[in-house]
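Which chain is which? The protein sequence lines are X and E, in order.
Everything in the first sequence is counted per our numbering, starting at 16 for the first residue and increasing by one.
Everything in the second sequence is counted per our numbering, starting at 3 for the first residue and increasing by one.
We put the beta carbon where it would ideally sit given N, CA and C, even for glycine.
Keep in mind that this is a model prediction, so the values were computed, not measured.
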Amino acid sequence: MRRITALVMCTLFACLSTNLLVAGETDSTLSEAPEIAPVRAELNGADTTWMLVSSALVLMMTAPGLALFYGGLVRKKNILGVMMQCIFLMGIMSVTWALWGFSLAFGSDVLGGFVGGGDYLLMKGLLLELSGDEVVAPMWGDSGLPAMVFMVFQGMFFIITPALICGAYAERMKFSSMVLFSILWGTVVYCPLAHWVWSDNGWLFTGKYEAYDFAGGTVVHISSGVSALLCAIMLGARRGFGTEPMPPHNLTYTCIGTALLWVGWFGFNAGSAGGANAAAANAFVATHLAAAAGVIAWACMEWGTRGKPSILGACSGAVAGLVCITPACGVVNPLSGMILGFAAGVFCFYACTNLKSKFGYDDSLDAFGVHGMGGALGALLTGVFASSAVGGPEVSGLIDGNVNQFINQVISVFAAGAWALVGSFVLLKIVDALLGLRVSEDDEIKGLDLSQHGEEGYIFL
Amino acid sequence: MKKLEAIIRHFKLEDVKNGLSEAGIQGMTVSEVRGFGRQKGHKETYRGAEYTVDFLPKVKIEVVVADDLVDKVVEIITNSARTGQIGDGKIFITALADVVRIRTGETGAEAI
């Protein structure tokens with residue numbers, strides 16, 4: 016580590032600067048980078064450590080976290096189908112991200128800022144290099160992180176986002192179609208969104224329409240939630256939906272998965288601070304309290320309306336709280352976080368019970384009800400509770416009288432939702448034409464475990 | 003020879019097993035089963051979706067005894083499995099044609 020730190024020198028940086036985001040230092044575009052005086056970027060050991068740990072935590076959210084959370088909710092003939100979706104997405108989304116996804120999301124503007132360019136295709140400019148007789152790591156701007164660390168951290172978000180959509184088409188989507196849809200969705204829907212919201216000059220990141228999205232309320236939760244709703248509607252309901260009982264087959268798994276998601280979310284949110292700093296501390300505590308308030312809110316809603324608080328309700332409340340605090344945790348304090356979590360518990364409870372039954376769509380595991388609705392609520396409440404004490408002197412929200420910020424949050428919700436809706440619609444049509452979206456009726460009755468993978472989750476021996 | 007199939011409550015299994023062992027019954031087979039009789043099912047709610055569960059979980063004990071022991075075994079099971087509430091279960095008694103011990107090939111009462 017010391018050796019690498021000592022070696023990240025300006026001469027080296029000059030060689031690599033065409034591939035690094037140094038736009039924050041000047042107003043020049045990247046193509047003019049050779050004119051910029053070399054930046055001396057030092058690797059910060061504490062920040063790098065936290066970001067490596069956070070990356071691992073976010074990966075843990077997809078599997079085992081989400082795999083168990085969703086796995087417990089399906090019928091037992093489909094548990095491997097769900098687990099395979101999560102594990103396989105870890106495979107293909109990681110590779111997609113490294114080869115072109117990261118570049119499309121975080122490369123310099125092309126198409127008028129619609130998407131990132133090819134700066135980092137095939138991890139160009141991110142890999143360790145030999146300079147003289149020393150191995151050096153290209154740094155990510157002035158973040159103090161090796162560029163590779165930033166790339167892999169963001170990659171974990173790229174994995175979990177399509178995995179969240181699995182909840183909507185669970186128990187009926189063809190595996191091959193799921194794979195193709197996820198690769199296309201990541202490339203066409205996620206990458207542009209991430210570019211708008213998180214790249215240094217994205218239109219939702221800076222300027223007139225700047226919206227706060229600290230850790231992915233729009234990019235991850237609204238986009239996946241809205242796409243999930245569309246999947247549920249376009250694939251149609253599961254066979255027997257509404258007539259046959261479809262209770263969760265193992266809520267023990269769901270509970271374990273929830274606990275893993277909760278822990279992993281510390282990497283997701285506090286890791287989005289980009290280092291081991293005060294923003295990370297605030298995000299961590301706000302995240303935790305939002306989840307806690309969510310548990311209480313949803314379980315108490317059930318207690319009050321149905322007589323009993325359920326474990327599934329408590330778990331759903333935790334996830335709803337976590338979703339809601341995601342965009343906010345960099346600009347609201349933990350007490351506001353508690354309010355967000357509580358609001359999410361109540362709001363998503365109604366979204367998953369009343370709203371779903373009213374419209375009759377089969378969002379099997381409530382990906383839209385929790386992530387879409389919770390994400391939208393979080394984005395809006397971020398615009399209400401944003402505070403300069405947390406986000407810095409330029410940050411304020413509706414309670415401080417900043418109406419414009421709230422409007423920007425509304426715009427970001429609709430921009431993300433609309434893009435996800437249009438993109439997903441086109442992609443689902445394409446995949447449907449190429450491969451078909453659903454498994455055959457026989458295969459659906461048999462279950463995805465046997466029909467798609469030739470295995471069984473529970474074997475009697 | 004008779005085969006007795008007793009459907010009982012889960013938490014009574016230990017009492018029934020002990021009662022039968024004390025009476026000299028040397029073997030039994032136990033399985034988890036579901037079904038319903040007069041005891042009503044219940045409702046379960048998952049995120050607002052309500053399901054009525056008619057098939058209630060019970061434990062089934064199968065035990066094979068010589069004819070002269072049937073009354074005694076029935077008495078042991080009824081006494082140790084009874085709570086007095088609906089849902090205590092039932093005992094089905096059937097005549098058994100034969101029994102074979104696989105290891106030795108013994109048949110009939112010898113094989114029980």
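For this session: Could you name the residues of the region 37 to 70 of chain E whose beta carbon sits closer than 7 Å to any beta carbon of chain X, in the order they occur along the chain?
Result: 46, 47, 48, 49, 50 and 53
Exercise. What residues of chain E sit near residue 327 of chain X, judged by a beta carbon separation below 8 Å?
Worked result: 48 and 49
Exercise. For a contact meaning CB atoms closer than 8 Å, what does residue 331 of chain X contact in chain E?
Worked result: 49
Problem set entry | Contact with chain E by residue 457 of chain X, beta-carbon distance below 8 Å | no
Exercise. If you measure beta-carbon to beta-carbon, which residues of the region 196 to 226 of chain X are closer than 8 Å to chain E?
Worked result: none
Problem set entry | Where residue 381 of chain X meets chain E, residues with beta-carbon distance less than 7 Å | 49
Exercise. Comparing alpha-carbon positions, which option in X:445, X:84 and X:467 lies nearest residue 454 of chain X?
Worked result: X:467
Problem set entry | residue 394 of chain X vs residue 134 of chain X beta-carbon contact at 8 Å | no
Problem set entry | Residue span of the alpha helix (DSSP H) that contains residue 207 of chain X, given as start and end | 206 to 213
Exercise. Can the beta-carbon of residue 276 of chain X be found less than 8 Å from the beta-carbon of residue 355 of chain X?
Worked result: no
For this session: Can you have a look at residue 302 of chain X and say buried or exposed, based on whether 16 or more other CB atoms are within 10 angstroms of its CB?
Result: buried
Exercise. When burial is assigned at 16 or more other CB atoms within 10 Å of the CB, is residue 78 of chain E buried or exposed?
Worked result: buried
Exercise. Under the three-state reduction of DSSP, which class applies to residue 37 of chain E: helix, strand or coil?
Worked result: strand
Problem set entry | Test: residue 315 of chain X CB closer than 8 Å to a CB of chain E | no
For this session: Compile a chain-ordered list of the residues in the region 345 to 371 of chain X whose CB is closer than 7 Å to at least one CB of chain E.
Result: 367 and 368
For this session: At 4 residues or longer, and completely inside the region 360 to 428 of chain X: list those alpha helix (DSSP H) runs for me, N to C.
Result: 371 to 374, 388 to 400 and 403 to 406
Problem set entry | Straight-line Cα distance separating residue 53 of chain E from residue 89 of chain E | 20 Å
Exercise. Residue 44 of chain E by DSSP, collapsed to three states: which one?
Worked result: strand
Exercise. Going by the beta-carbon positions, is the gap between residue 379 of chain X and residue 185 of chain X smaller than 8 Å?
Worked result: yes
For this session: For chain E, find out if any of its Cβ atoms is closer than 8 Å to the Cβ of residue 79 of chain X; answer yes or no.
Result: no
For this session: With a cut-off of 8 Å on the beta carbons, I'd call residue 442 of chain X and residue 246 of chain X a contact; round off their distance for me.
Result: Incorrect: roughly 10 Å between the Cβ atoms, too far for contact.
Exercise. Quick one, are the C-beta atoms of residue 293 of chain X and residue 347 of chain X less than 8 Å apart?
Worked result: no
For this session: Measure the C-alpha to C-alpha separation of residue 413 of chain X and residue 407 of chain X and round it to an integer number of angstroms.
Result: 16 Å
Exercise. Under 8 Å between C-beta atoms, does residue 30 of chain X make it to chain E?
Worked result: Low local confidence applies: a pLDDT of 38 at residue 30 of chain X is under 50, so the model's placement there is unreliable, with the coordinate-based value given in what follows. Chain E contact via Cβ: absent.
Exercise. In chain order, what residues of the region 251 to 274 of chain X put their CB closer than 7 Å to some CB of chain E?
Worked result: 260, 262 and 263
Exercise. Out of X:451, X:476, X:221 and X:230, which has the shortest C-alpha to C-alpha gap to residue 190 of chain X?
Worked result: X:451
Exercise. What first and last residue would you give for the alpha helix (DSSP H) that runs through residue 82 of chain E?
Worked result: 72 to 83
Exercise. For residue 219 of chain X, which beta-bridge partners are listed by DSSP?
Worked result: DSSP lists no partner for residue 219 of chain X.
Exercise. Are the CB atoms of residue 482 of chain X and residue 388 of chain X nearer to each other than 8 Å?
Worked result: Missing from the structure shown is residue 482 of chain X; chain X here goes from 16 to 476 and no further.
Problem set entry | Spatial neighbours of residue 298 of chain X in its chain, beta-carbon cut-off 8 Å, leaving aside the 5 residues before and after | 229, 230, 284, 285, 287, 288, 344 and 345
For this session: State the beta-bridge partners of residue 103 of chain X as determined by DSSP.
Result: None, per the DSSP bridge assignment.
Exercise. Quick one: is the Cβ of residue 95 of chain E within less than 7 Å of any heavy atom of the ligand HEM?
Worked result: This structure simply doesn't include the ligand HEM, nor any ligand for that matter.
Exercise. For a contact meaning CB atoms closer than 7 Å, what does residue 321 of chain X contact in chain E?
Worked result: 47
For this session: Out of X:126, X:82, X:304 and X:208, point me to the one whose CA is closest to residue 103 of chain X's CA.
Result: X:82
Exercise. If you run the structure through DSSP and keep just helix, strand and coil, what is residue 128 of chain X?
Worked result: helix
Exercise. Roughly how many whole angstroms lie between the Cα atoms of residue 7 of chain E and residue 100 of chain E?
Worked result: 16 Å
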